[in-house]
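With the UniProt record's numbering, the residue at position 160 of the sequence shown is 160, and numbering never jumps.
Worksheet: one structure, shown below.
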Amino acid sequence: MFPLERQKRILDLLMIKKVLKIAELAKELNISVETLRRDINVLASEGKIEKIYGGVKWVESNFGESTIDIRMISRLKEKERIAQKCSEYIHDGDCIYLDSGSTTYQIAKYIKSKKNLTVVTNSIPVVNELLTSDVELFIIGGKIRKNEQSVTAFEFLFNFDELNILKAFICASGITVEKGISDYNLEEAITRKKMIELSKEVYVAADSTKFDKNVTIGIAPLEKIDYIVTDHLPKEIADPFKKTNTSLILAES
Numbered sequence: 001m002f003p004l005e006r007q008k009r010i011l012d013l014l015m016i017k018k019v020l021k022i023a024e025l026a027k028e029l030n031i032s033v034e035t036l037r038r039d040i041n042v043l044a045s046e047g048k049i050e051k052i053y054g055g056v057k058w059v060e061s062n063f064g065e066s067t068i069d070i071r072m073i074s075r076l077k078e079k080e081r082i083a084q085k086c087s088e089y090i091h092d093g094d095c096i097y098l099d100s101g102s103t104t105y106q107i108a109k110y111i112k113s114k115k116n117l118t119v120v121t122n123s124i125p126v127v128n129e130l131l132t133s134d135v136e137l138f139i140i141g142g143k144i145r146k147n148e149q150s151v152t153a154f155e156f157l158f159n160f161d162e163l164n165i166l167k168a169f170i171c172a173s174g175i176t177v178e179k180g181i182s183d184y185n186l187e188e189a190i191t192r193k194k195m196i197e198l199s200k201e202v203y204v205a206a207d208s209t210k211f212d213k214n215v216t217i218g219i220a221p222l223e224k225i226d227y228i229v230t231d232h233l234p235k236e237i238a239d240p241f242k243k244t245n246t247s248l249i250l251a252e253s
């Protein structure tokens, strides 16, 4: 396993468990403690993890929201499966919205061959991914969030009411039955609320770590969400959704 692969695996494990012991990590990765310490030093110098006595811990930044760079490599296999499953609901001739986020970015990779597809987005990585495809692209107007590589919308720069979105694929940092979906950033939340209002069908694309969390800014109750596409969920988390009108779609391996 190459150093970058090991470091990605360390971040994946810490994103779930938050704190891990050195011996536990070395066993999980099947590497020596010396090799592990070199990887830990790299990640710690980049501010992605914090060294503690006998182990390491996940660094929560921006009030709990990790950076887009970290999220782009964290739980990548799960996000790819979710994206592939989402792409099955996108058809030739659709007009869709792809939200800014690491999971919705992956969707762009699976829709390049669709015919007469129109994509509206606020994600610069999504635009870059689809730039050389035949997909018709619209990027919303507003302020660039450089650390998120996204555009947060302003009504005076973009006329939302002219859009006719068939399906919106939205990201979320928190999902609960009681509170619906939530996020850390107010500007991103405002954009997502607007797109949910305009779209005929709303899909939330989020991996399983986002469930049972209600974070800073509420975006929408479950009654406004048609589908949630995620990876494997424990029965005790999935079962309460059966009592709602929101359908859970599991993109399991």
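Just so you know, even glycine gets a beta-carbon here, dropped at the ideal spot from N, CA and C.
- Per DSSP, A189 is one residue of the alpha helix (DSSP H) stretching across L186 to L198.
- Taken in chain order, the complete alpha helix (DSSP H) segments of 4 or more residues contained in the region 99 to 153 are 102 to 109 and 124 to 130.
- Counting along the chain, the unbroken beta strand (DSSP E) around S247 starts and ends at S247 to L250.
- Judged by DSSP secondary structure, V59 falls outside any alpha helix (DSSP H); it is assigned neither H nor E.
- Here V215 carries a coil assignment [DSSP, helix/strand/coil].
- The beta carbon of K224 is closer than 6 Å to those of I196 in its chain, skipping five residues each way along the sequence.
- Per the coordinates, the alpha-carbon of Y97 lies some 10 Å from the alpha-carbon of T104.
- Straight across, the Cα-Cα distance linking L166 with L29 is about 44 Å.
- Pairwise C-beta distances place the region 117 to 124 out of contact with the region 211 to 229, as fewer than three of them are shorter than 8 Å.
- The distance from the Cβ of N122 to that of S87 is about 19 Å, inconsistent with a contact at the 8 Å cut-off.
- DSSP places K8 in the helix class (H, G or I) of the three-state scheme.
- Contact between the region 230 to 244 and the region 184 to 198 is not established, with fewer than three Cβ pairs separated by less than 8 Å.
- Setting aside the 5 residues that flank it on each side, I144 is surrounded in the same chain by V151, each with a C-beta closer than 7 Å to its C-beta; the list follows chain order.
- By the neighbour-count definition (other C-beta atoms within 10 Å, threshold 16), S247 is an exposed residue.
- Shown here for Y110: same chain residues with a beta carbon closer than 7 Å to its own, the five before and five after excluded, namely A83, Q84 and S87 in chain order.
- Residue state for T209 is assigned as helix, using DSSP reduced to three classes.
- Straight-line measurement puts the Cα of A168 at about 20 Å from the Cα of T244.
- In the structure shown, the three-state DSSP call for I96 is strand.
- For the 8 Å CB-CB criterion, T209 and R75 form a contact.
- With a threshold of 16 other beta carbon atoms within 10 Å, I16 falls short and is exposed.
- Distance from L36 to L25 at the Cβ level is roughly 6 Å; contact confirmed, criterion being Cβ atoms closer than 8 Å.
- Here DSSP, grouped into helix, strand and coil, assigns A44 to helix.
- According to the DSSP assignment, I237 belongs to the alpha helix (DSSP H) that extends over K235 to A238.
- Nearest in C-alpha terms to L198, of all of F160, S113 and S32, is F160.
- For V204 and S173, the gap between their C-alpha atoms comes out near 10 Å.
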